[in-house]
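Working notes, beginning with the structure itself.
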Amino acid sequence: MKRTRFLIPVLLLLVAAHSLSAQEPLAANAVLTVDSIFTYQTKSLGPVQWQRDGSGYLALEPSSKKGFVDIVRYDAVSGERSIKVSVEKLTPAGATAPLLVEEFVLSPDERKLLIFTNSERVWRSNTRGNYWIVDLEGSGVWQLGGLSAKDKPSSLMFAKFSPDGRKVGYVQENNIYVEDLEARGKRITKITNDGSRYIVNGTFDWVYEEELFCRDGWRWSPDGQHIAHWQLNTEGVKEFVLVNNTAGLYPVITSFPYPKAGETNAAARVGVTRSTGGATRWFDVAGDPRNNYLPRMEWAASSDEVVIQQLNRLQNTNIVMLGDIRTGKVRPILTEKDDAWVDISWGDLDWNKTGLGRGDVEWIDGGKRFLWASERDGWRHIYAVSRDGRNVKDITPGAFDVINVEKVDTANNWIYFEASPTNATQRYLYRAPLACLSKMERITPASIGGSHTYNISPRGDLAIHVSSSFMKAPKTEIVRLPGHEVVRSLIDNREVQEGLAKLKPTPFEFFKVDIGEGVQLDGWMIKPPDFDPKKRYPVLFHAYTEPWSQTVVDAWGGLNMRWHMMLAQQGYLVMSVDNRGTPAPRGRAWRKIFHRRVGIINSQDQANAAKAIGKWPYVDATRIGIWGWSGGGSATLNAMFRYPDVYQVGLSVAPVPDLRLYDTIYQERYGGLPQDHPEEWKQSSPITFAGQLKGQLLIIHGTGDDNVHYQGTEALIDRLVAANKSFTVMPYPNRSHGIYEGAGTSRHLYGLLTRYLNENLPAGPR
């Protein structure tokens, strides 16, 4: 019920398929249309990996052979470009076409490349595909997996070089394998042997991937002699079924384990196996494995111990333990508790962008201490913890939240992180000493507003910096740290910015709205051209409202922003407000007020904001609409059902009408167990209040949504029919949660939203 992304050991940014420069020149005061909002796409850097010495980086760029790429090297400072791997070298022996590289990773000795091709989607992300090795010293390119991979294309997952670069491990069909690179496919060792439909080694089931960000489920030991990995047993987990009615004459059925709230989870355990094969030693972690989670595991800066985190089912206690690989015994070293929930998966926290998962510990001082993220003092801070857990020291103290860790620079004793102590809508780079000997310092210049991300070089002296703001397209440049001097501009998206400047202007502003009891909410507003404050305009609110997304951020908004600009040009005031419970950097109390008040506190805050805004002299309180997707779709239902006298029109995309129909980990984290609090769960679900609908409601859902099931929309349809309510439903056959698959789908969806809004909430001032 949230936006997620899969991080790998390179900075993944998608290169836009279209740009404004490919379109017809715009006349002054041009007006956006549903067609043209899809043309203002920005360019961004493709997959990038810094070289170990920080002198340069590798990137993918279009080759002279149309539709394919070269792997090129850039000197970070001078910008000197050289082709590291040409498209010709990416053509395997006997093949008629080069490999279409999607991702790549340098070996530890930088003599080989591991490349990922022909990927297929596994739930949210394309994590299954073909892996190839490119020998950078001139010995060709070959496919991993031997004959098995050729017989079963796109079947390998999570390939990684061993620490010495001589082997690669990967997952295939729920088992882990290690391949000796010198043998080129002729020496492959099967590390686990029991993988099956129910036994999952080295990867995860649907709910672990979606809610705990667990995808890659195995790790090389630092000395390369062992492999630590998760194993899930999904037997006993009830399966959900998706029906594809359009694939042929008869339906195609897909079923998969999906634990709904209050139901049985998979059992997880962690073990260690020698990288040459043999028996697995499982760690003796206490507790019922189906009522506890093992969300994080990593080697503990040693090849003798593994650090494991165990989260109880209510997710309010997280135990960090060290496991001895020789005995399998574990000993707790740190316990994190919270009256609401322990947030192990902060929005974007990922040490050094390793891609190994959010919430991992990061070892420093040669393994004597580790870095740990906690809200124990009421704010998100980073703590340095001794290996035995007895000494815990806050290294980022103050009344502010750490939003994301960009780099731990152990060589120079700095931690770089994102924060915004005075403005919850923005994101800046700061750093603090690991020794906590002085105060943190802001790296992003005070003169630059908006939001900023950084991919910092191994030496910590350079960074690829991406900046944007609400109406300013992303700019990518290399900056020198800590002074932030610009070394080179990489992408400025000038064409997009100039194109936006030619549009009929839609003024925008950030604001605060007082909803009473001393609570102020952040919001933004886009106004129509020629806005007249003496007239009254209709308002469309964009909402999400739940703990996994903030809508009020001073950053480039992409497609939704362009659609909102188009609506403003038509005569709507378009607004968004972040209620309490959203992941704004405003402290623990702000976020965790959501606990056991799901659907209640967020819809109450939104309605109170709408009421307050409805009193503004230029707002027509009789023409208030709301729209949202996923959690925002649920927010739209709550608004229309709970506050029918506030909102006249709702556009709900992929909602969860009944919280019992969503998964265990997400929904129980915020609401407890449904069997423990049945009345609270009933009061938290929009479907309970469906009979109060008065306004015009459009519901859109993909029937192939594996995340938020169409089942919930069908249940809501039944409830609304029973209440004799008028409403409109648009099912998109076989589309997933993002509703983008199939030719013309996105264009059709936004066209439908626009028409429904125009017809039921007339635009323009009165």
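Using the working numbering, you'd call the opening residue of the sequence shown number 54 and step up by one each time. C-beta: ideal position from N, C-alpha, C; glycine also.
Given this structure, state the Cα-to-Cα distance separating E235 from R219, to the nearest angstrom. 7 Å
With DSSP run on the structure shown, which of helix, strand or coil describes Q720? helix
Using 8 Å as the threshold, is the stretch 676-688 in touch with the stretch 797-814, meaning 3 or more CB pairs across them? yes
- Item | Which of helix, strand or coil DSSP assigns to A75 | Per-residue confidence for A75 stands at a pLDDT of 43, beneath the threshold of 50, marking its modelled position as unreliable; the derived number appears in the next sentence. Correct three-state label for A75: helix.
Can you check whether the CB of V566 is closer than 8 Å to the CB of G552? no
### Message
Tell me the residue span of the alpha helix (DSSP H) that contains M618.
### Response
For M618, the enclosing alpha helix (DSSP H) begins and ends at 611-623.
Boundaries of the beta strand (DSSP E) in which Y184 is found, first to last residue:
178-188
- prompt: Can you give, in chain order, each stretch of the beta strand (DSSP E) that sits fully within the stretch 120-159 and has at least 3 residues?
  reply: 122-128, 134-138, 154-159
For a test of the three-state rule: what should DSSP assign to N691, helix, strand or coil? helix
Exposed or buried, N476, counting other C-beta atoms within 10 Å across all chains shown (16 or more means buried)? exposed
For this session: Please list, in chain order, all residues of the same chain as D233 whose beta carbon is under 6 Å from its beta carbon, the five residues on each side excluded.
Result: For D233, where only same-chain residues beyond five positions count, the Cβ hits under 6 Å are K220, R240.
Top-ranked residue by Cα proximity to T559, from Q603, A621, S520: A621
CA nearest to the CA of A608, picked from Q728, E190, V140, P527 = P527
Open item on the list: Please state the DSSP three-state secondary structure of T370.
Closed with: strand
Proximity to Q749 [Cα-Cα], best of H537, L773, P731: L773
Original post:
Since Y469 contacts I509 with CB under 8 Å, what's their CB separation in whole angstroms?
Top reply: The C-beta distance from Y469 to I509 rounds to 6 Å, short enough to meet the 8 Å contact threshold.
| Segments assigned beta strand (DSSP E), at least 3 residues, entirely inside the stretch 418-455 | Listed in chain order, they are 422-427, 434-439, 445-447.
Close Cβ partners of P310 (< 6 Å) along its chain, the five nearest in sequence each way excluded: If the five residues before and after P310 are omitted, its C-beta is found closer than 6 Å to the C-beta atoms of D258, T287, V290, E292, all from its own chain and listed in chain order.
I'd like to know whether the C-beta atoms of P739 and N691 end up nearer to each other than 8 Å. yes
Exercise for review: Please name the residue, chosen from R819, W335, L159, that lies closest to F584 on a Cα-to-Cα basis.
Suggested key: R819
Option nearest G634 by Cα separation, candidates P600, A665, A320, R615: P600
Do you know offhand how far W195's Cα is from G182's? The straight-line gap from Cα to Cα measures roughly 15 Å.
List in chain order: all unbroken beta strand (DSSP E) runs of 3+ residues lying wholly within the stretch 325-393.
-> 345-352, 358-365, 370-377, 383-390
Can you give me the start and stop residues for the alpha helix (DSSP H) that V84 sits inside? That residue, V84, is in no alpha helix (DSSP H); it is neither H nor E in DSSP.
### Message
Measuring straight from C-alpha to C-alpha, what distance separates E471 and Y483?
### Response
6 Å
Can you look up S89 in the DSSP assignment and give me helix, strand or coil? helix
query: How would you write the range of the beta strand (DSSP E) that H754 sits in, first residue to last?
result: Bounds of the beta strand (DSSP E) holding H754 are 749-755.
| Considering only C-alpha positions, which residue in the set P638, P312, Q278, N457 is nearest to T329? | Q278
Legend entry - Collapsed DSSP secondary structure at T236 in the structure displayed: For the sequence presented, residue 236 should be read as Ala rather than Thr. If DSSP states are grouped into helix, strand and coil, A236 belongs with the helices.
Next on the checklist: Rounded to whole angstroms, what is the Cα-Cα separation between V461 and W467?
Outcome noted: If you draw a straight line from the Cα of V461 to the Cα of W467, it is about 6 Å long.
Q. Taking C-alpha atoms, which residue in T478, P511, S504, P474 lies nearest to E494?
A. P474
Exposed or buried, A642, counting other C-beta atoms within 10 Å across all chains shown (16 or more means buried)? exposed
| message | Let me check understanding here. Comparing Cα to Cα, which of Q368, Q659, W616, R126 lies closest to I90? | response | W616
TODO: Can you tell me which of the three DSSP states K96 falls into?
DONE: coil
Can you give me the C-alpha to C-alpha distance between N405 and M578, rounded to a whole angstrom? Its pLDDT being 46, under 50, N405 is placed unreliably by the model, and nothing is read from it.
With DSSP collapsed to three states, give me the class of E415.
-> strand
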